[in-house]
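**Q** Handing you a structure now.
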Amino acid sequence: MSEDVLSLSQFKSDATRLLDQLRDEPKTLVLTQNGRARAVVSDLLTSAPTYGQGVGRR
1103 MSEDVLSLSQ FKSDATRLLD QLRDEPKTLV LTQNGRARAV VSDLLTSAPT YGQGVGRR
């Protein structure tokens, strides 16, 4: 699984496309705020498969 680093502003401006991309290509997004890592975003069904049981993809 690869990892990309984006600012929170970049993520907010392109969230829909980035979330669709996470669904199609397993990777992790590290979101930064003021140059520091603040959050990690990944596809739920890929990163936690047992949690995703019973949760269908659209």
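Residue numbers (the working numbering): 1103 to 1160.
Even glycine gets a Cβ: it sits at the ideal position worked out from N, Cα and C.
From the DSSP output, in three-state form, read off D1126 for me.
**A** Numbered from its first residue, the sequence shown carries residue 1126 at position 24. Residue state, collapsed to three classes: helix.
**Q** What is the rounded straight-line gap between the Cα of P1128 and the Cα of D1116?
**A** For the purposes of this step, residue 1128 is taken as the residue at position 26 of the sequence shown. For the purposes of this step, residue 1116 is taken as the residue at position 14 of the sequence shown. So the two alpha carbons sit approximately 18 angstroms from each other.
**Q** Please classify D1145 as buried or exposed, where buried requires at least 16 other C-beta atoms within 10 Å of its C-beta.
**A** Residue numbering aside, residue 1145 sits at position 43 when the sequence shown is read from its first letter. Under this definition D1145 is a buried residue.
**Q** Secondary structure at A1150, three-state DSSP: helix, strand or coil?
**A** Start at 1 with the first residue of the sequence shown, and residue 1150 comes out as number 48. Of the three classes helix, strand and coil, the one that applies to A1150 here is coil, per DSSP.
**Q** Let me confirm a value: L1124 is counted as buried when at least 16 other C-beta atoms fall within 10 Å, else exposed. Which label applies?
**A** The sequence position of residue 1124 within the sequence shown is 22, counting from 1. It counts as buried.
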